[in-house]
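S.K.: Encoded as structure tokens, here's the structure I'll be asking about.
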Amino acid sequence: MKVNLLNSGEPHKPVWNWETLKVDLALDSLMKAMSHGDDTIYKSAETVISSPLTDPDAVRYRQEVLEDCIHNKGLVRNLYKIASAVVMRQDEKDLIYGAAQTASHQFDVSRKRLRLLIDALGELKKFAGDNAAIFSSNGFRRLFADWDENLDAVFFEKAEDLLKQLSFERGMLIGVSLSGIGQSTGQRLLVNHESDSKWSCIGSFAIVPADSSVEDDLLYRQETVKSGCNRSLSGAALDIENYFRSLLQELAFYIGCLNFMELLAERGISFCIPDVTADGERKAETLFELGIAISDQAEIIGSSFDLNGKHCVIITGADLGGKSTFLRSIGQSQLMLLCGMPVVARYYSAPVAAGIYTHFLREEDKAMKNGKLNEELTRMNCIADHLTPGSVVLFDESFCSTNEREGSEIARQIIKALLETGNDVFMVTHLYRLAKTLYDENDPAFAFLIAERLSDGRRTKRIISGLPQPTGYGKDLYNEVFGIQC
Amino acid sequence: MFFSILFPNAESAEKSAVVSDKFLHDIGLSDTLSAIARQCTDPTLLYTPTVNKEVVEYRQAIMKDLEDDELRRRFDRFSRRMTSLQGFVCSVCQESKTYVECVRHLSAARQYIEALREFTLNFPYEKIKSDGLRLFMWQTNACMSAPDMVRMQIDIMKLQRELQAVDYVILMHPDKLQVRPFDSQPDLKSNIESLFDRFKRDTVDVPFSPPPAGNQDQRIENEVLTLAAEHYPELFANWRAFCAKYTDFTNKAVLRFAVEISVYLRYIDHIDKLKAAGLSFCYPEIEEHPESMFLRGGFDLTLADYIAGQEKQPVPNDFSLSGQERIIVVTGPNQGGKTTFARMFAQAHYLAALGFPIPGSDAHLMLCDRYFSHFPASQSTADGSGLRDELLRLKSILDESGNRSLVVINEIFAAVPINDASFLGSRMMESLIQKGCIGVCVTFVDELAEFGPQTVSVMSEAEEGDIIRRTYRIRRRPPDGNALALSLAEANGLTYERLKARLSK
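Protein chains in written order, with my numbering: chain A, 61 to 546; chain B, 984 to 1488.
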């Protein structure tokens, strides 16, 4: 049996640059917003987001499940509670179980665990019986069909009988074979459905309770045969628990999405389930950067763009104009789309990507731009080692740690190579020479955006279409800071 | 008739050589021999060199046979199986009363037979050249085909087959046990597994308490077997009859062989490691009164073991004695391999007298009847009692030695003035020559090296260069009193040229 709500290949292995992405795209705040303090959700969100899908059908599969969740919020949260109760209870049990010293103790613990787990499976079965018809996504339909097939009446009947066997009400039946030298071997527990009459006229050995060495021997025999079942028994309990665990984990991701959407709704921010488009179509209406959407900033401005047919987007313009924020929102929305999540925009469409790579200037680097080129190139080299064609690569002020001519040339060659191998590039830069050179090529696959600056020097934080600009208007900032009027 | 794998006959086992106290320690063999001895049940052989040429040849032939990998593997496995069985087999040499005893009895008989059968099955007889192994194999085959043994094998097989067919169940209640033949009751474990298989995904490693170790009360086992016997009366009666019939079924010579052969095997294992590292071993020709003696490519076995760990090899050395020559006098720089040479000489003779292959590529040696060593006492005393002790030890050697003795003398009289050392050394040499023993004398007294036609002078060599390098080669050559001082000066950069060059900078 397999929970298949996420429909991702196993095992979930984080993408190579996950830790970098987490920082560069401020994903921690997203996962916190999703989890609402529930650690299970945080972990599940991290597992899912750190290994984005690449297949458009898989993305649509999750989007359908998400829509089912949106329409049946209460039911889905109930199912989550059932799974959560089992897992929490078992985690407590683990404490006791960890201390199991003898085979008998472990045997009893496993038996009790199985009792609880089989009851919980009954709850799942009942949930499906009551609600299955309301769900329409493939994901939930497959889940319920799986339960129908595997958790049928025969299963529960056999399970009850087995639990009875495990308590040895009618004595312990032990099978023994003799070895070639007459030694007892292969001692194992047998199912005891024997009628008492079979045993009535057979010789027996009476156990004298006071004889401690006889008691020890009997205990030893019981330990031995129980130990023979223990691996299967605790294995079974563990397997069922793991089933509940994966149900919990997979639901947790969707619960996280619900939480996130509720938070946005409270703040009056639009979100949507994005369209997965064919290659190159990228379009947004009021796309928000996550950090801004989640925080309590008063002034919120989304970006709208239509970048259909564009594979390389160069963003130039005023400092503090919102270029990096814009770049981040591109990365975030692309990643969230790939995970089957809602996107913070009134409308959003983009193709799937093989991977997302960021080459950002780190906070700590910004102060000291000298002597960093080698470090930057090393990072780029690393990205190139891992890059799969069809990826989205985001550059924020890359290769500026040398002079403009060299930096531009390095960047130009890298961009060209990336484009020609089928990747999409977004680059925030103030390498004017680079932007100008690319602009002059007149290639329709290129788009040039600028951070809007009004003629009085005010930044609107809007990113609009525009020609590469030779200045970041740092002078404006200087003037502003020093209170000099134009 | 097979007597023993160590001796061709009873007479030859009677006499062995005299080995003086600390001889093995002095010649550096004690660690190596005890390492081998630790792996043998009875290592006596290692400490009793023979004086009988016939014995040496008997053992050398066996050793040569055992150098064949297949034969060695076969004898090794047989030896290990039989040795581990020994105590066990002896404990059942009487009739077994209880069923638990019957289990042990049958097990011992079966293992004994199996070890023999496996050993003799498809045995490559054509590979055996030695009298010792050939006789043993003949004896073993005779023992295997003796009517009693054949009958016992058949009985074991029959019993084994019938016992293996027994499957029963125990019904265990808190107050009683009952036993009945197995009636195809389903297995609880497979029931669990098949019911919950649907939840299985990957194989997860489940932590589980292992079964408790041992400590089964044999009484309950006996009771259970007694209850089972009610359901299989004929079989259990046959089993008891078997134990009554075959009480003492082992062949003592076979058991002893298994113990004794292990010394050969462990020695071969030991030298195999060194052979793999490229060192040579050879079977020396042995004579009680040889015309001449030699060893080519000899080395110190213990040193070779020791430096093999550092992936190094000892420098091989030769010696030869012919005509009147009896005593090798070694002089030369310190740390030049003089003591190692003396040890090599003594080890070669000792190992040869065990009948073992010795370090070297070719050798012709004397079979000695006494082995003496005189090495500096570990704690030398400055008050002169050291010299007294040295002389006492020397006297007892000289008193006991004869023309088949081997004597190794290392740095004797080192703590007395050179004139005294020269005088005492000369008296010692005269005695040794008069007794006719063979030996090595390591000394710094050059005069001893040219004492007459009975002595051979050899020197440890040093190569001169920027840094002094010991070659550890020992060559026939008259003594050269300057070698030590020059090499030390060289090593310290204080030769004329070196010092001048250094001071001119």
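Glycine is no exception: its CB is placed at the ideal position from the N, C-alpha and C atoms. Keep in mind it's a predicted model, so treat the numbers as computed, not measured.
Tell me whether residue 1237(B) is buried or exposed, calling it buried when 16 or more other Cβ atoms sit within 10 Å of its Cβ.
M.R.: buried
S.K.: Starting from the beta carbon of residue 1226(B), find every residue of chain A whose beta carbon is closer than 8 Å, and list them in chain order.
M.R.: By Cβ distance, chain A contributes nothing, its closest Cβ being about 10 Å from residue 1226(B), past 8 Å.
S.K.: 8 Å is my cut-off, CB to CB: does residue 1137(B) come that close to chain A?
M.R.: no
S.K.: Can you grab the Cα-Cα spacing for the pair residue 292(A) / residue 174(A), in whole Å?
M.R.: 12 Å
S.K.: Reducing DSSP to helix, strand and coil, say where residue 442(A) ends up.
M.R.: Residue state, collapsed to three classes: helix.
S.K.: If distances are taken between C-alpha atoms only, which option among 1336(B), 1409(B), 1020(B), 1092(B) comes closest to residue 1270(B)?
M.R.: Looking at the Cα atoms, 1336(B) is the closest of the given residues.
S.K.: Using a C-beta cutoff of 8 Å, does residue 219(A) count as contacting chain B?
M.R.: yes
S.K.: Alpha carbons only, please: which of 1097(B), 1159(B), 1222(B), 1206(B) is nearest the one belonging to residue 1145(B)?
M.R.: 1222(B)
S.K.: What separation, rounded to the nearest whole angstrom, lies between the Cα atoms of residue 1015(B) and residue 1006(B)?
M.R.: The alpha-carbon atoms of residue 1015(B) and residue 1006(B) are separated by roughly 14 Å.
S.K.: With a cut-off of 8 Å, does the C-beta of residue 1147(B) fall near any C-beta of chain A?
M.R.: Contact of residue 1147(B) with chain A is assigned, a C-beta pair being separated by under 8 Å.
S.K.: Which residue wins for smallest C-alpha separation from residue 1008(B), given the options 1126(B), 1326(B), 1433(B)?
M.R.: 1326(B)
S.K.: Below 8 Å between beta carbons: does that hold for residue 1039(B) and residue 1353(B)?
M.R.: No.
S.K.: Under three-state DSSP, which class holds residue 1182(B)?
M.R.: helix
S.K.: Secondary structure at residue 429(A), three-state DSSP: helix, strand or coil?
M.R.: Low confidence applies here, because residue 429(A) scores a pLDDT of 41, under 50, leaving its location unreliable and the question unanswered by this model.
S.K.: Applying a beta-carbon distance threshold of less than 9 Å, which residues of chain A neighbour residue 1204(B)?
M.R.: 243, 244, 277
S.K.: Confirm, please, whether the CB-CB distance from residue 1439(B) to residue 1304(B) is below 8 Å.
M.R.: yes
S.K.: Quick one: which chain A residues come within Cβ less than 7 Å of residue 1037(B)?
M.R.: Neighbours of residue 1037(B) on chain A: none; closest Cβ ~45 Å, over 7 Å.
S.K.: Does any C-beta atom of chain A lie closer than 8 Å to the C-beta of residue 1492(B)?
M.R.: No answer is possible for residue 1492(B): it lies beyond the span of chain B, which begins at 984 and ends at 1488.
S.K.: By the criterion of Cβ-Cβ separation under 7 Å, what are the contact partners of residue 1151(B) in chain A?
M.R.: 236
S.K.: Go ahead and label residue 438(A) buried or exposed: buried means 16 or more other beta carbons lie within 10 angstroms of its beta carbon, across all protein chains shown.
M.R.: exposed
S.K.: Any contact of the stretch 77-87 of chain A with the stretch 371-382 of chain A, i.e. 3+ C-beta pairs under 8 Å?
M.R.: no
S.K.: What residues from the stretch 1211-1222 of chain B come within 7 Å of chain A, judged by C-beta to C-beta, listed N to C?
M.R.: 1213, 1222
S.K.: Taking residue 1300(B) as the reference, which of 1346(B), 1003(B), 1246(B) has the closest Cα?
M.R.: 1346(B)
S.K.: Since residue 1090(B) and residue 300(A) should fall inside the 8 Å C-beta cutoff, what is the C-beta to C-beta distance between them, to a whole number of angstroms?
M.R.: So it is not a contact: roughly 44 Å between Cβ atoms.
S.K.: What residue from 1061(B), 1141(B), 1054(B) has the CA that sits closest to residue 1107(B)'s CA?
M.R.: 1054(B)
S.K.: Excluding the 5 residues flanking residue 1416(B) on each side, which residues of the same chain have their C-beta closer than 6 Å to its C-beta?
M.R.: Annotation for residue 1416(B): 1437 place their beta carbon closer than 6 Å to its own, counting only its chain and skipping 5 residues before and after.
S.K.: Give a yes or no on whether the minimum CB-CB distance between residue 303(A) and chain B is below 8 Å.
M.R.: yes
S.K.: Take residue 481(A) as the anchor and find which of 205(A), 451(A), 314(A), 213(A) has the nearest alpha-carbon.
M.R.: Minimum Cα distance to residue 481(A) is reached at 451(A).
S.K.: Closest Cβ-Cβ distance between residue 399(A) and chain B: below 8 Å?
M.R.: no
S.K.: Taking all protein chains shown into account, decide if residue 234(A) is buried (16 or more other Cβ within 10 angstroms of its Cβ) or exposed.
M.R.: buried
S.K.: Determine, for residue 262(A), whether the minimum Cβ-Cβ distance to residues of chain B falls below 8 Å.
M.R.: Chain B contact via Cβ: present.
S.K.: Check this for me: beta carbons of residue 180(A) and residue 304(A), under 8 Å apart or not?
M.R.: Yes. Within cutoff.
S.K.: In this structure, does DSSP put residue 984(B) in helix, strand or coil?
M.R.: coil
S.K.: Is the Cβ-Cβ distance between residue 1261(B) and residue 1457(B) less than 8 Å?
M.R.: no
S.K.: In its own chain, which residues sit with a C-beta less than 6 Å from the C-beta of residue 1151(B), not counting the 5 before and 5 after it?
M.R.: Taken in chain order, the residues that qualify are 1162, 1164, 1165, 1211.
S.K.: Using a Cβ cut-off of 7 Å, which residues of the stretch 193-227 of chain A contact any Cβ in chain B, in chain order?
M.R.: 210, 218, 219, 222, 225
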